[in-house]
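This report refers to the structure that appears directly beneath it.
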Amino acid sequence: MSTLAYAPDAALEAVGVHHRYRRAGASPFRRSEHVHVLTGLDITIGTGEAIGIVGRSGSGKSTMLRILLGLERADAGTVRVGDATLDVRSARALRAFRRHVQYIPQEPATSLDPRMTVEQLVTDPLRRLGVPGDHRAIVQDALNGVRLPSALLRRRPAELSGGQAQRVAIARALATGARILLADEPVSGLDRPLRDEVLQLFAQIVREQGVGVGFVSHDLEAVSLLCGTSCVLADGRIVETGRTAELLAHPRHEATAAIVDARPRLRTAPAGSDA
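Set out below in C-alpha cells:
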C-alpha cells in the first residue's frame with residue numbers, strides 16, 4: 720500500500736477553525752446550548768522554529784491541540800500540512816500526518832505505558848505507523864538525540880526520573896521522523912534545573928535537526944527562554960502574535976496584559992530564540 724508523504728519543511732497550519740461542544744444534557748438542535756471553544760483559530764507552526772502558545776485556563780488550548788493533532792474534526796475551517804488538507808476520516812492520511820506531527824504530553828511519567836520498557840516505548844510508534852528501516856538503529860539514534868544512554872533501554876517508566884521520562888517522550892516522537900512537535904506543558908512539574916535542561920534540549924532539537932515546536936504553556940518564563948516568537952490564545956482565537964520579548968514588555972491585547980500581570984518577574988535571555 721502506498722504511503723502519503725509530506726515535504727520535510729511542510730508547516731502545520733490551522734485556518735479559520737471553529738469548534739463547539741454541546742452542554743451536558745443539552746438538545747443537539749438548539750444552537751444556544753452549545754459552547755463555542757474555538758472561534759476562528761488561525762495558527763502556523765513551521766519547521767526550524769519554536770513558537771510559544773500561551774493562554775489562560777479556558778482559552779481553548781486543549782481543544783486546539785486535539786484538532787491540530789487530528790484527534791477531533793473541526794466544525795469549520797481546515798488543518799493542513801503544506802498544501803495537503805488533513806482528512807481525519809482517512810486512516811492512511813492520519814498515518815502520514817502522525818509521522819510528520821507528533822505530540823509531547825504534559826506528564827510523560829504517567830502517560831507512558833508502565834508495562835513497556837524504554838526500547839518498547841520508542842519502537843511502538845514505528846511499528847504502528849509503518850516507519851521503514853532498522854528499528855533498533857532508529858531507537859538508538861533517537862536516544863542519542865536526546866542524550867539518553869542505551870543503558871536505559873531495559874528500564875520501565877517507574878524507574879526513570881522526571882527528566883528522563885520527558886526525554887523518552889521526546890525521543891519517541893522524534894523516532895518517527897516527525898518534523899513538527901506539539902508540546903503540551905512539557906516542563907510542568909519539573910524543578911528549575913530539570914526544566915532548564917529540557918528547554919535546552921528543545922532548543923538543540925530546533926537548532927540542529929530543524930524540527931518545529933509548538934510549545935503550549937502557561938509558564939511565561941519557560942516560553943521566554945525557548946521561543947523567539949509567541950502567540951496568545953483567548954476566547955478560542957489568536958489575539959496577539961509577535962516577538963516574545965516584545966509581547967512581555969509591551970502587550971497590546973488585554974488578554975496578553977492579564978497573563979503578563981499574573982506572572983512573577985521573568986528572566987530575559989532566551990535559551991533557543993534567535994534574538
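Residue numbers (this note's numbering): 720 to 994.
Beta carbons: idealized from backbone N, C-alpha and C, even for Gly.
So, residue i versus residue j, is the Cβ gap smaller than 8 Å?
i	j	result
residue 845	residue 832	no
residue 773	residue 942	yes
residue 897	residue 821	yes
residue 955	residue 798	no
residue 962	residue 948	yes
residue 893	residue 861	yes
residue 824	residue 915	no
residue 737	residue 810	no
residue 865	residue 889	yes
residue 754	residue 775	no
residue 972	residue 958	yes
residue 1043	residue 803	In the structure as shown, the chain starts at 720 and stops at 994, and residue 1043 therefore has no counterpart that could be examined.
residue 939	residue 920	no
residue 787	residue 817	no
residue 872	residue 838	yes
residue 945	residue 922	yes
residue 806	residue 812	yes
Would you identify the three-state DSSP class for residue i, choosing helix, strand or coil?
i	result
residue 945	helix
residue 760	strand
residue 732	strand
residue 991	Its pLDDT being 49, under 50, residue 991 is placed unreliably in this model, and the coordinates cannot settle the point.
residue 769	strand
residue 979	helix
residue 726	coil
residue 739	strand
residue 775	coil
residue 785	helix
residue 754	strand
Counting only beta-carbon atoms, is residue i nearer than 8 Å to chain B?
i	result
residue 781	The structure shown contains no chain B; it is built from a single protein chain.
My assumption, with CB atoms under 8 Å, is that residue i sits in contact with residue j. Please give the rounded CB distance.
i	j	result
residue 935	residue 882	Rounded, the Cβ-Cβ distance is 19 Å, inconsistent with contact.
residue 879	residue 887	7 Å
residue 819	residue 725	5 Å
residue 836	residue 875	6 Å
residue 850	residue 782	At roughly 29 Å, the Cβ-Cβ gap does not stay under 8 Å, so residue 850 and residue 782 are not in contact.
Unbroken stretches of the beta strand (DSSP E), 3 residues or longer, contained in the region 842-918 = 899-903
Any chance the region 819-835 sits against the region 904-914, with 3 or more Cβ pairs inside 8 Å?
-> yes
Any chance you could list the beta strand (DSSP E) runs of at least 3 consecutive residues sitting entirely within the region 919-976, in chain order?
-> 931-935, 948-953, 956-962
Evaluate contact between the region 759-774 and the region 921-935, counting only Cβ atoms and requiring at least three cross-stretch pairs below 8 Å.
-> yes
Counting pairs of beta carbons, one from the region 723-742 and one from the region 752-763, are three or more of them closer than 8 Å?
-> yes
At a cut of 8 Å, does the region 948-963 reach the region 973-981 through at least three beta carbon pairs?
-> yes
At 4 residues or longer, and completely inside the region 802-845: list those alpha helix (DSSP H) runs for me, N to C.
-> 810-819, 827-830
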